[in-house]
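Protein sequence lines correspond, in order, to chains E and B. So the first sequence is residues 4 to 422, counted in the numbering used here. So the second sequence is residues 590 to 678, counted in the numbering used here. The C-beta atom is built at its ideal place from N, Cα and C for all residues, glycine as well. First up is the structure itself, then whatever we jot down about it.
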Amino acid sequence: MERQVAIIGYDCMSPLGGTFSSTWQELTNNRSGIGFIDRYDPHMETLSGVSRVAFGGQIPLAYGEMAGSMERFNRCPEPSHHCVKPVCERVLASIDFNIAEHNPQRIALLGATALTSQISQHTLTTTQKPYVNFILNQCHNVPLTPVAQEFGIQGPSFSIGGACASSNHAMIIACHFIKTGLLDCALVTGYEFPLLPVSVAGFEWLRAVYKRDKPEDRAYDNPEAASRPFSRDRRGLLLAEAVGAVFISDLEYARRIGWPIKAVVRGGYMNSDAGHLTRMIPENVVICMREALNTARCNADDIDCVNAHATSTPVGDAGELTALQTVFGDRFAEIPIVANKSQLGHSLGASSIMELMVAVEGMDRSVLLPTLNYLPDPSLPPAFIPTAATEHRHRTTLLNSFGFGGTNASLVVESAGHH
Amino acid sequence: MFDGTEQRTAVWDVLWTSLAGSNYDVDALRSQARPDSRLIEDLGLDSLDLLEFYLRLGDKFDITVNEDDYPTLTSVDAIVAFLQERVTR
Chain E
4 MERQVAIIGY
14 DCMSPLGGTF
24 SSTWQELTNN
34 RSGIGFIDRY
44 DPHMETLSGV
54 SRVAFGGQIP
64 LAYGEMAGSM
74 ERFNRCPEPS
84 HHCVKPVCER
94 VLASIDFNIA
104 EHNPQRIALL
114 GATALTSQIS
124 QHTLTTTQKP
134 YVNFILNQCH
144 NVPLTPVAQE
154 FGIQGPSFSI
164 GGACASSNHA
174 MIIACHFIKT
184 GLLDCALVTG
194 YEFPLLPVSV
204 AGFEWLRAVY
214 KRDKPEDRAY
224 DNPEAASRPF
234 SRDRRGLLLA
244 EAVGAVFISD
254 LEYARRIGWP
264 IKAVVRGGYM
274 NSDAGHLTRM
284 IPENVVICMR
294 EALNTARCNA
304 DDIDCVNAHA
314 TSTPVGDAGE
324 LTALQTVFGD
334 RFAEIPIVAN
344 KSQLGHSLGA
354 SSIMELMVAV
364 EGMDRSVLLP
374 TLNYLPDPSL
384 PPAFIPTAAT
394 EHRHRTTLLN
404 SFGFGGTNAS
414 LVVESAGHH
Chain B
590 MFDGTEQRTA
600 VWDVLWTSLA
610 GSNYDVDALR
620 SQARPDSRLI
630 EDLGLDSLDL
640 LEFYLRLGDK
650 FDITVNEDDY
660 PTLTSVDAIV
670 AFLQERVTR
């Protein structure tokens with residue numbers, strides 16, 4: 004019989020809280036983590052465009068708090084190097100992980116990030132002071148090393164860069180390793196800290212981010228209204244920080260260890276557009292979703308909920324909704340669509356690991372999270388997009404993520420009830 | 590210019606500020622460290638801590654610390670002797 008992959012545990016730091024439980028609480032309170040950026044002073048920045056991008060999603064910890072002290076942060080000025088370990092520690096503590104029960108070579112530790120290393124580059128450019136860890140800060144896998152050291156995990160360890168779809172790519176690859184028998188389990192992490200002037204400016208130059216430049220805009224004095232996926236007045240994504248980790252295991256292996264099973268990853272598919280650098284190609288996204296359903300041995304009728312990529316950009320959201328209409332056909336208008344980026348912002352390479360864990364928690368607790376700020380767009384097909392957290396039993400979720408460069412990854416997850 | 594005592598104090602300061610950014614109990618190390626304590630064997634510095642320390646020493650005393658010098662820079666005493674030779678030469 005084919006191996007199956009179980010989701011065992013997860014945790015995070017997000018703009019809505021320093022832990023998964025605080026994040027979940029705020030998600031179900033219909034709160035958004037978007038606020039004024041204060042990692043730097045936007046008005047002191049000279050790079051064109053930075054001062055217009057006033058809003059973002061910040062993890063509620065200062066850099067010094069993440070590292071333990073500013074001395075420690077300055078010696079290694081890359082937040083993910085300090086935050087991945089505590090998040091992973093909480094995940095492993097929650098499942099009573101004991102390395103002595105496992106073959107350490109058969110546990111993978113994967114990372115996913117789009118832009119990690121920009122803060123350390125910015126620091127070096129600003130201070131012009133050499134430091135030993137600089138080149139280690141440029142390696143996107145190194146934030147995983149403290150976790151491996153602490154727990155003695157010795158299987159494959161590397162990070163995957165697939166822009167905004169990085170975490171779904173990492174999850175699908177980890178599942179593949181487990182299904183082929185190469186591994187028993189894996190800790191899959193995503194991390195992103197894009198709130199610094201050069202990254203913010205870069206997104207602004209691409210005209211991809213929300214700008215606080217119109218006093219009449221409903222978010223001008225209310226940052227929580229800025230991220231509005233699928234809405235008729237959506238005006239761009241909100242950059243956000245996040246660190247998330249999900250522990251997965253071969254299902255039978257998990258049963259032998261005695262781990263409680265939260266969900267099963269039924270399948271996943273990755274493809275690429277061979278097209279535009281930033282604009283998705285809906286026909287190819289349709290293929291990505293349909294093949295994900297095929298790998299999960301199910302069809303669109305078996306899906307109870309869609310966790311959309313939906314970043315709140317005019318073109319991207321329209322393309323995704325059109326593609327979803329094609330995939331779901333007659334059922335399109337009745338299937339709930341959830342856009343977590345309305346609450347968590349867009350944490351790029353970390354976004355899909357965040358969305359996976361909240362989707363699993365939602366199935367587990369029969370809660371459908373809201374898509375905040377949604378006002379139907381008459382130019383798009385009418386869709387079922389709840390705007391407040393609601394009780395709703397759902398068993399299966401299709402999760403989408405699409406990245407710059409035309410890279411796509413869709414995942415199908417089923418709650419543990421059946422297993 | 591530094592005299593011997595000032596130099597020694599400055600070297601200790603560089604060491605402690607350098608280690609403050611890493612995973613050390615600096616207070617505990619301070620109480621056990623002596624001028625002839627060996628940086629690796631007695632104080633437990635790893636190779637990256639040493640590199641950071643040497644980088645900061647070079648910065649503080651405005652000299653270049655070369656890799657060829659590393660084998661001699663094994664304790665605070667040895668570093669003070671090295672600096673005196675460098676500065677007076």
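Using a Cβ-Cβ cut-off of 9 Å, B:Glu641 counts as an interface residue toward chain E, since at least one Cβ of chain E sits closer than that to its own. Just so you know, the alpha carbons of E:Leu240 and E:Ile260 end up roughly 42 Å apart. Around the beta-carbon of E:Thr298, 16 or more other beta-carbon atoms lie within 10 Å, marking it buried. When DSSP states are grouped into helix, strand and coil, E:Ala313 belongs to the coil group. Per DSSP, reduced to three states, the secondary structure at E:Leu190 is strand. Under a 10 Å Cβ-count criterion, E:Arg300 is classified as exposed, with fewer than 16 other Cβ atoms of the shown protein chains found around its own Cβ.
The beta carbon of B:Ser611 falls within 9 Å of a beta carbon belonging to chain E, placing the residue at that interface.
Contact annotation: E:Asn403 and E:Ser275 have beta-carbon atoms that are not nearer than 9 Å.
Per DSSP, E:Tyr256 lies in no beta strand (DSSP E) segment; the continuous alpha helix (DSSP H) that holds it begins and ends at Leu254 to Ile260. In the pairwise beta carbon analysis, the segment 21 to 36 of chain E is classified as touching the segment 346 to 355 of chain E: at least three pairs are separated by under 8 Å. For B:Tyr643, the uninterrupted alpha helix (DSSP H) run begins and ends at Ser636 to Phe650, by DSSP. Against E:Glu74, the close residues of chain B are Thr606, Ala609 and Gly610, in the order they occur along the chain (beta-carbon pairs closer than 8 Å). Sequence-ordered contacts of the segment 102 to 134 of chain E with chain B read Lys132, Pro133 and Tyr134 [C-beta pairs closer than 8 Å]. Its Cα nearest to that of E:Gln124, the residue E:Cys79 stands out among E:Thr390, E:Arg109 and E:Cys79. Taken through DSSP and simplified to helix, strand or coil, B:Val654 comes out as coil. With fewer than 16 other Cβ atoms inside 10 Å of its own Cβ, B:Tyr659 counts as exposed. By the criterion of a C-beta distance shorter than 8 Å, E:Glu92 is surrounded in its chain by Val150 and Glu153, once the five residues flanking it on both sides are discounted.
For E:Cys86, the uninterrupted alpha helix (DSSP H) run begins and ends at Ser83 to Ser97, by DSSP. Excluding sequence positions up to five before and after E:Arg55, its CB lies within less than 7 Å of the CB of Glu207, Lys214, Arg215 and Asp216, all in the same chain and listed in chain order. Residue E:Ala166 holds the alpha-carbon nearest to the alpha-carbon of E:Gly406 among E:Ala257, E:Ala166 and E:Arg42. Close to B:Leu637, with beta-carbon spacing below 8 Å, are these residues of chain E in chain order: Val135 and Asn136.
If you look at E:Ile181, you'll find it in the alpha helix (DSSP H) that goes Ser169 to Lys182. At a cut-off of 9 Å between C-beta atoms, E:Asn140 does not count as an interface residue with respect to chain B. Inter-residue distance for E:Ala96 and E:Asp220 is about 45 Å (C-alpha atoms, whole angstroms). At a cut-off of 4 residues, the continuous stretches assigned as alpha helix (DSSP H) that sit fully inside the segment 313 to 399 of chain E are 317 to 331, 344 to 347 and 354 to 368. Separation of E:Leu198 and E:Asp44 (C-alpha to C-alpha, rounded to the nearest whole angstrom) is 11 Å.
Nearest to B:Ser611 by alpha-carbon distance, out of B:Gly647, B:Glu656, B:Leu639 and B:Arg597, is B:Leu639.
Listed along chain B is no residue with a C-beta nearer than 7 Å to that of E:Asn144; the closest approach is about 17 Å. Put simply, the CB of B:Asp648 is near chain E, with a gap under 9 Å to one of its CB atoms. For B:Thr661, the secondary structure class from DSSP, reduced to helix, strand or coil, is helix.
A residue is called buried once 16 or more other Cβ atoms fall within 10 Å of its Cβ, and B:Pro624, having fewer, is exposed. For the pair E:Phe161 and B:Asp666, the Cα-to-Cα distance works out to about 42 Å. Around the beta carbon of E:Leu378, a 10 Å sphere encloses fewer than 16 other beta carbons of the protein chains shown; the residue is thus reported as exposed.
Per the DSSP secondary-structure output, E:Leu30 pairs with nothing in a beta bridge.
DSSP lists E:Ile37 and E:Ala243 as the bridge partner or partners of E:Gly60. The beta carbons of E:Lys265 and E:Asp367 sit about 6 Å from each other, so the pair counts as a contact at 8 Å.
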